[in-house]
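**Q**
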Amino acid sequence: LRRRAAPGGGGVTIGDALNLAVLEEMIRDPRTTIHAEDLQAGSSYDIPRLTQQTFGTLRAADEIIDEGHFIGCALGEAMNGYRPIVELMNTNFGIYGLPEISSAGNTYATTGGQFLMPMTIMGAGGTAPNQALGAEHSQPLHAYVMGIPGLKICTAASAGAAYGLAKSMIRDNGPGMLFAPVKMMKAVKGEVELDTCMPMNKAAVLHRASDEAVAARKAVTVLTYMHGVKEAESAIPEILEEGMDVDLIEMRSLKPLDMDTIRDSLKRTRRVILLDESTQSGGVGATISARISEELYDEMDGPVVRLCMEDAPVPYASSMEKAVVKRAADLVQGVYAIVTGAK
Numbered sequence: 044l045r046r047r048a049a050p051g052g053g054g055v056t057i058g059d060a061l062n063l064a065v066l067e068e069m070i071r072d073p074r075t076t077i078h079a080e081d082l083q084a085g086s087s088y089d090i091p092r093l094t095q096q097t098f099g100t101l102r103a104a105d106e107i108i109d110e111g112h113f114i115g116c117a118l119g120e121a122m123n124g125y126r127p128i129v130e131l132m133n134t135n136f137g138i139y140g141l142p143e144i145s146s147a148g149n150t151y152a153t154t155g156g157q158f159l160m161p162m163t164i165m166g167a168g169g170t171a172p173n174q175a176l177g178a179e180h181s182q183p184l185h186a187y188v189m190g191i192p193g194l195k196i197c198t199a200a201s202a203g204a205a206y207g208l209a210k211s212m213i214r215d216n217g218p219g220m221l222f223a224p225v226k227m228m229k230a231v232k233g234e235v236e237l238d239t240c241m242p243m244n245k246a247a248v249l250h251r252a253s254d255e256a257v258a259a260r261k262a263v264t265v266l267t268y269m270h271g272v273k274e275a276e277s278a279i280p281e282i283l284e285e286g287m288d289v290d291l292i293e294m295r296s297l298k299p300l301d302m303d304t305i306r307d308s309l310k311r312t313r314r315v316i317l318l319d320e321s322t323q324s325g326g327v328g329a330t331i332s333a334r335i336s337e338e339l340y341d342e343m344d345g346p347v348v349r350l351c352m353e354d355a356p357v358p359y360a361s362s363m364e365k366a367v368v369k370r371a372a373d374l375v376q377g378v379y380a381i382v383t384g385a386k
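Under our numbering, think of the first position of the sequence shown as 44, with each following residue one higher.
1. Using a Cβ-Cβ cut-off of 8 Å (strictly less than) and excluding sequence neighbours within five positions of Asn42, which residues of its own chain qualify?
2. Look at the Cβ atom of Thr322, then the Cβ atom of Asp344, and state whether they are nearer than 8 Å.
3. Would you kindly work out how many angstroms separate the C-alpha atoms of Lys229 and Leu283, rounded to a whole number?
4. Between which residues of its own chain and Met178 is the CB-CB distance below 7 Å, once the five residues before and five after are set aside?
5. Expressed to the nearest angstrom, what Euclidean distance is found between the alpha-carbon atoms of Val257 and Ala366?
6. How far does the beta strand (DSSP E) with Phe222 in it extend, from its first residue to its last?
7. Comparing alpha-carbon positions, which option in Met302, Leu350, Ser308, Arg334 lies nearest Glu320?
8. Does the distance from the CB of Leu61 to the CB of Ile108 come in under 8 Å?
9. I need the straight-line Cα distance from Ile381 to Pro183, nearest angstrom please.
10. Is Gly169 near Val225, with beta carbons less than 8 Å apart?
11. Spell out a yes or no on whether the segment 243-257 and the segment 274-292 are touching, meaning 3 or more CB-CB pairs, one atom from each, closer than 8 Å.
12. Find the nearest neighbour of Gly384 within the set Val265, Lys261, Arg306, judged by alpha-carbon distance.
13. Ignoring anything shorter than 4 residues, give me the alpha helix (DSSP H) runs that lie fully in the segment 275-317, in order along the chain.
14. Would you please state the rounded distance, in angstroms, between the beta carbons of Val265 and Ile316? I believe it to be under 8 Å.
15. When the Cα atoms are used, what is the spatial distance from Leu93 to Val65?
16. Report all residues from its chain with a CB closer than 6 Å to the CB of Ala147; omit the five preceding and five following residues, and keep chain order.
17. Measuring alpha carbon to alpha carbon, tell me which residue in Val375, Gly377, Met363, Val378 is nearest Arg172.
18. Exposed or buried, what is Leu101 when buried is set at 16 or more other beta-carbons lying within 10 Å of its beta-carbon?
19. Can you grab the Cα-Cα spacing for the pair Glu80 / Ser86, in whole Å?
This is the structure:
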């Protein structure tokens, strides 16, 4: 796995990158444990693959279908000197462990970090265009947990980001959640920077608008994460054809937010649009929009534009889903409207 992950090795999937990080961290620290459903078989995306075969049943628990139960087990381990990892086959069902997730964050925060809570929850989630997983498998848990004190929340839309963020989060002494895009877990491959941890408080600039576009006031800052990264990258060629350009920023840290990277981009483009994988009410985009409006108002020439999910269940049928979930075509239209002033 390390050979494939290294430069020139052909690359690994996001699931494989997370699996490699988990295996390496369990080797590095014998206090590290893992809990997951269908663990022996590698779960759905290979994240816990070979953990029980390598480390035994005490450190790698094949769990029953009760997320509240095994997140609670991990919470108890974290409170008693262990470093548990929880892999959620689909992060949507972390909803059934919300009391335990809240307890982890609040315990860590109320003691000012004196009571260590090194618990990592990771898994596939989010809502992709044409996902066809239905409402209960398409909920934005990453938005639901945003208000929990003491909890770090990260996202990864590439193998490299998944590997680096997972290693950092597992080593961190506070609780964290790492979300990866469900429809990209096996479809996207990439190289990783082996043995390297990635900061959990930084965004990543994936594409920088040309100086010419900035000077002509035809550049826009695009903020997105998870499936939105793939959608935004696929939209860039069409945006360029229209004579416009974007600063594409992947929000790898949803909490805390990397306001410095957003500020640096807005000083160039003066306009921002969010391609958001959560609902209009109470969503991640709502929080980011509010922070930008409150803290970076003087850097903007217009209001924040949000492309977010509607406050509605995500339909199973793709033809109906288009009315709820935003995609590349919506981003192209949004950037065009900002630059031209079209309604």
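All residues carry an ideal CB built from backbone N, CA and C; glycine is no exception.
**A** According to the data block:
1. Only positions 44 to 386 of the chain appear in the structure, and residue 42 is not among them; the question remains open.
2. Locating residue 322 in the sequence shown gives position 279, counting from the first residue. Locating residue 344 in the sequence shown gives position 301, counting from the first residue. It is not a contact, given that the beta carbons lie outside the stated cut-off.
3. Sequence index remark: in the sequence shown, residue 229 carries index 186 (1-based). Sequence index remark: in the sequence shown, residue 283 carries index 240 (1-based). The alpha-carbon of Lys229 is positioned some 29 Å away from that of Leu283.
4. Start at 1 with the first residue of the sequence shown, and residue 178 comes out as number 135. The identity of residue 178 in the sequence shown is Ala, whereas the question assumes Met. Hits under 7 Å: Pro356, Val357.
5. On the sequence shown, residue 257 is found 214 positions in, with the first residue counted as 1. On the sequence shown, residue 366 is found 323 positions in, with the first residue counted as 1. As the crow flies, the alpha-carbon of Val257 is around 32 Å from that of Ala366.
6. Within the sequence shown, numbered from 1, the residue matching residue 222 stands at position 179. Phe222 -> beta strand (DSSP E) spans 219-224.
7. Against the sequence shown, residue 320 aligns to sequence position 277. Nearest C-alpha to Glu320: Leu350.
8. Here residue 61 refers to the residue found at position 18 when the sequence shown is read from its first residue. Here residue 108 refers to the residue found at position 65 when the sequence shown is read from its first residue. Cβ distance not < 8 Å, so Leu61 and Ile108 don't count as in contact.
9. Stepping through the sequence shown from its first residue, residue 381 is reached at position 338. Stepping through the sequence shown from its first residue, residue 183 is reached at position 140. Straight-line Cα distance between these residues: approximately 27 Å.
10. Taking the first residue of the sequence shown as position 1, residue 169 is located at position 126. Taking the first residue of the sequence shown as position 1, residue 225 is located at position 182. Contact flag set, yes.
11. By the C-beta criterion, the segment 243-257 is judged to be in contact with the segment 274-292, since at least 3 inter-stretch pairs fall below 8 Å.
12. Residue numbering aside, residue 384 sits at position 341 when the sequence shown is read from its first letter. Among Val265, Lys261, Arg306, the Cα nearest to that of Gly384 belongs to Lys261.
13. With a minimum length of 4 residues, the continuous alpha helix (DSSP H) runs that stay inside the segment 275-317 are 302-312.
14. Numbered from 1 along the sequence shown, position 222 holds the residue referred to as residue 265. Numbered from 1 along the sequence shown, position 273 holds the residue referred to as residue 316. The pair is a contact, with the Cβ atoms about 6 Å apart (cut-off 8 Å).
15. Counting from 1 along the sequence shown, the entry for residue 93 is found at position 50. Counting from 1 along the sequence shown, the entry for residue 65 is found at position 22. Taking the Cα positions, Leu93 is about 10 Å away from Val65.
16. By 1-based counting over the sequence shown, the position of residue 147 is 104. Excluding five sequence positions before and after Ala147, the CB atoms of its chain that fall closer than 6 Å to its own CB belong to Leu118, Met160, Met162, Pro218, given in chain order.
17. Here residue 172 refers to the residue found at position 129 when the sequence shown is read from its first residue. The sequence shown places Pro at residue 172, rather than the Arg named in the question. Comparing Cα-Cα distances from Pro172 to each of Val375, Gly377, Met363, Val378, the minimum goes to Met363.
18. Within the sequence shown, residue 101 is the residue found at index 58, counting from 1. Leu101 should be labelled exposed.
19. Locating residue 80 in the sequence shown gives position 37, counting from the first residue. Locating residue 86 in the sequence shown gives position 43, counting from the first residue. The alpha-carbon of Glu80 is positioned some 6 Å away from that of Ser86.
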